[in-house]
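In what follows, a single structure is set out as structure tokens and then discussed.
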Ligand code: NAP
């Protein structure tokens with residue numbers, strides 16, 4: 079008898095697959111993150127749980143959970159910085175994620191933000207909607223020409239590489255990157271020694287490292303002061319990788335030209351100071367927001383649940 083808990087509404091194809099695999103599937107219809115008591119209850123009531131972004135399975139959640147009924151947290155999403163994997167493991171709970179399923183869609187959102195920020199698309203759209211557009215003229219709303227420029231990618235993993243390919247093959251851009259290890263992209267791309275070196279050379283800086291304790295505030299005033307005043311900054315990874323106050327200061331003072339953000343330090347709270355700035359594009363965490371992508375993520379998470387509950391090693395176990 080297998081009993082699983084899906085902590086959010088999910089696409090129909092995912093629910094159909096889950097119902098075919100498990101005896102009992104409970105779907106939570108609330109779209110807000112789980113509260114600590116709900117997470118503790120989930121550990122005791124179900125054999126497997128499919129959590130997602132915002133469900134903060136911190137060490138505190140597992141503190142009194144001695145050999146809980148739940149054997150696996152099959153996260154819906156590649157980023158799992160909201161789950162304390164070591165604490166879960168110590169309680170006998172496996173953690174899995176959905177790598178690969180999200181790569182292209184998230185890279186596409188990075189391109190959306192690069193183009194929107196560089197070409198001032200958000201600002202232009204607001205102008206037209208406000209009825210304030212007086213008509214075309216040769217020096218109106220000039221932005222940064224993206225084709226042929228240099229993109230600096232911080233974090234050259236699956237998503238970083240997908241962004242690099244789009245920039246190189248689609249826009250004839252020069253790619254430089256900062257990453258823990260050297261990568262072979264199949265085309266020329268220099269690895270910067272430091273983030274500051276990358277920032278000094280790049281016309282567009284894109285963040286694609288995972289969130290978590292290791293990368294908390296990895297990016298702050300030092301990086302922004304090393305960037306060119308004409309450069310743009312894009313974050314599609316996790317909000318708390320960036321010191322948001324330092325970013326607001328850099329945008330407000332003109333230290334950098336603009337930014338495009340899909341994620342925020344205290345999501346879903348977006349500071350008033352950020353919303354008041356014209357030179358920033360703000361998206362509501364749309365990286366993977368397309369039905370077929372959410373289906374692929376859900377099916378992957380359900381296969382991870384199934385493998386774990388059948389006593390097998392789940393394909394996407396975080397070790
Ligand atoms: P990935 O394949 O694991 O790539 C992460 C890369 O970051 C790796 O190349 C890794 O280096 C590098 N890295 C990790 N820590 C680093 C550090 N401290 N300094 C420098 N480089 C570091 O992950 P991915 O699939 O590309 O996903 C990246 C992140 O994007 C996810 O963790 C998630 O938070 C975020 N994301 C956001 C959305 C959205 O909706 N906006 C959607 C999907 C994913 P090595 O290669 O040396 O290990």
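Numbering (my numbering), first residue to last: 79 to 397. Glycine included, C-beta positions come from ideal geometry on N, C-alpha and C.
Quick one: grab the DSSP three-state call for residue 246.
Numbered from 1 along the chain shown, position 168 holds the residue referred to as residue 246. In the displayed model, residue 246 falls within a helix according to three-state DSSP.
Could I get the ranges of all uninterrupted alpha helix (DSSP H) runs contained in the stretch 108-181, with 4 residues as the minimum, in chain order?
Correct list: 114-123, 137-140, 163-168.
With a Cβ-Cβ cutoff of 8 Å, do residue 410 and residue 102 count as a contact?
Given that the chain is displayed from residue 79 to residue 397, the structure contains no residue 410 and the question cannot be resolved.
So residue 237 and residue 185 are supposed to be a Cβ contact under 8 Å. How far apart are they, rounded?
One-based indexing of the chain shown puts residue 237 at position 159. One-based indexing of the chain shown puts residue 185 at position 107. Taking 8 Å as the upper bound for CB-CB distance, residue 237 and residue 185 are in contact here, some 6 Å apart.
Quick test of the definition: if touching needs 3 or more C-beta pairs under 8 Å, does the stretch 187-206 touch the stretch 332-342?
Taking one beta carbon from each stretch, the stretch 187-206 and the stretch 332-342 have 3 or more pairs nearer than 8 Å; the two touch.
Could you say which of 216, 373, 279 lies nearest to residue 302 if we only look at CA atoms?
To locate residue 302, count along the chain shown from 1; it is residue 224. Taking only the C-alpha atoms, the option nearest residue 302 is 279.
Can residue 234 be considered in contact with the ligand NAP, in the sense that its beta carbon sits closer than 7 Å to one or more heavy atoms?
By 1-based counting over the chain shown, the position of residue 234 is 156. Taking 7 Å as the cut-off, one finds at least one heavy atom of the ligand NAP near enough to the beta carbon of residue 234.
I want to check one thing, is the minimum distance from the CB of residue 153 to the heavy atoms of the ligand NAP below 7 Å?
Working through the chain shown from its first residue, we reach residue 153 at position 75. Shortest gap from the CB of residue 153 to any heavy atom of the ligand NAP: 7 Å or more.
Starting from residue 268, trace the beta strand (DSSP E) in both directions and tell me its first and last residue.
Locating residue 268 in the chain shown gives position 190, counting from the first residue. Where residue 268 is concerned, the enclosing beta strand (DSSP E) stretches over 267-269.
Provide the residue(s) that pair with residue 230 in DSSP beta bridges, ordered along the chain.
Position 152 of the chain shown holds residue 230. Looking at the DSSP output, residue 230 bridges to 254, 283.
Between the Cα of residue 88 and those of 346, 362, 380, spot the shortest distance and give me the residue it belongs to.
As a working mapping, residue 88 is identified with position 10 in the chain shown. If we check each option's Cα against that of residue 88, 380 comes out closest.
Closest by C-alpha distance to residue 128, when choosing among 389, 234, 226, 376
By 1-based counting over the chain shown, the position of residue 128 is 50. Closest option to residue 128, judged by alpha-carbon separation, among 389, 234, 226, 376: 376.
Within 8 Å, do at least three Cβ pairs link the stretch 241-259 to the stretch 174-191?
Short answer: they touch.
Going by other Cβ atoms of all chains shown within 10 Å of its Cβ, with 16 needed for buried, is residue 305 buried or exposed?
One-based indexing of the chain shown puts residue 305 at position 227. Buried, because 16 or more other Cβ atoms sit within 10 Å of the Cβ of residue 305.
Let me know the secondary structure DSSP gives residue 84 once reduced to three states.
Here residue 84 refers to the residue found at position 6 of the chain shown. It is a strand residue.
Work out the CA separation of residue 142 and residue 383 for me, nearest whole Å.
Looking up residue 383 in the chain shown gives position 305. Looking up residue 142 in the chain shown gives position 64. Those two C-alpha atoms are separated by around 23 Å.
Tell me which residue opens and which closes the alpha helix (DSSP H) that residue 311 is part of.
For the purposes of this step, residue 311 is taken as residue 233 along the chain shown, with counting starting at 1. Looking at the DSSP string, residue 311 is not in any alpha helix (DSSP H); the run it does join, the beta strand (DSSP E), is 310-313.
DSSP three-state assignment for residue 361, whether helix, strand or coil
Your numbering for residue 361 matches position 283 in the chain shown. Secondary structure of residue 361 (DSSP, three-state): coil.
Quick one: residues in its chain with C-beta nearer than 7 Å to the C-beta of residue 148, no 5 flanking neighbours on either side, listed in chain order?
The residue you call residue 148 lines up with position 70 of the chain shown. Within its own chain, the residues whose Cβ lies closer than 7 Å to the Cβ of residue 148, once the five positions on either side in sequence are excluded, are 120, 121, 124, 125, 126, 127, 171, listed in chain order.
Out of 112, 90, 135, which has the shortest C-alpha to C-alpha gap to residue 167?
Here residue 167 is taken as the residue at index 89 of the chain shown, counted from 1. Among 112, 90, 135, the Cα nearest to that of residue 167 belongs to 135.
Ignore the nearest five residues each way along the sequence and tell me which others in residue 387's own chain have a CB closer than 8 Å to its CB.
As a position in the chain shown, residue 387 is number 309, starting the count at 1. Once the five neighbours on either side are set aside, the close Cβ partners of residue 387 are 80, 82, 100, 125, 126, 149, 150.
Could you tell me if the beta carbon of residue 257 falls within a distance shorter than 7 Å of some heavy atom in the ligand GTP?
The ligand content of the structure shown is limited to the ligand NAP, which means the ligand GTP is not among them.
Can you tell me which of 372, 133, 163 puts its alpha carbon nearest to the alpha carbon of residue 345?
In the chain shown, counting from the first residue as 1, residue 345 sits at position 267. Looking at the Cα atoms, 133 is the closest of the given residues.
Just to confirm, does residue 286 get its C-beta within under 7 Å of one of the non-hydrogen atoms of the ligand NAP?
Working through the chain shown from its first residue, we reach residue 286 at position 208. Yes, the Cβ of residue 286 comes within 7 Å of a heavy atom of the ligand NAP.
Nearest-angstrom Cα distance between residue 282 and residue 173?
If you number the chain shown from 1, residue 282 lands on position 204. If you number the chain shown from 1, residue 173 lands on position 95. Going by the C-alpha atoms only, they are around 34 Å apart.
Going by DSSP, what residues sit across from residue 224 in a beta bridge?
As a position in the chain shown, residue 224 is number 146, starting the count at 1. DSSP output for residue 224 lists no bridge partner at all.
What residues are listed by DSSP as bridge partners for residue 294?
Position 216 of the chain shown, counted from the start, is the residue given in the question as residue 294. When beta bridges are read from the DSSP output, residue 294 appears opposite no residue.
Limits of the beta strand (DSSP E) - the one that residue 339 falls within
Sequence index remark: in the chain shown, residue 339 carries index 261 (1-based). Unbroken beta strand (DSSP E) run through residue 339: 336-339.
Verify the contact flag: residue 92, CB atom, against every heavy atom of the ligand NAP, threshold strictly below 7 Å.
Counted from its first residue, the chain shown places residue 92 at position 14. Result no, Cβ not under 7 Å from the ligand NAP.
Strand pairing of residue 344, partner residues [DSSP]:
Here residue 344 refers to the residue found at position 266 when the chain shown is read from its first residue. DSSP output for residue 344 lists 347 as bridge partner(s).
Along the chain, where does the alpha helix (DSSP H) containing residue 381 start, and where does it finish?
The residue given as residue 381 occupies position 303 in the chain shown. Segment 369-387, the alpha helix (DSSP H) holding residue 381.
According to DSSP, residue 102 sits in a beta bridge with which residue or residues?
Translated into the one-based positions of the chain shown, residue 102 becomes position 24. Residue pairing of residue 102 in beta bridges, as defined by DSSP: 81.
Check this for me: beta carbons of residue 139 and residue 156, under 8 Å apart or not?
Numbered from its first residue, the chain shown carries residue 139 at position 61. Numbered from its first residue, the chain shown carries residue 156 at position 78. No. Outside cutoff.
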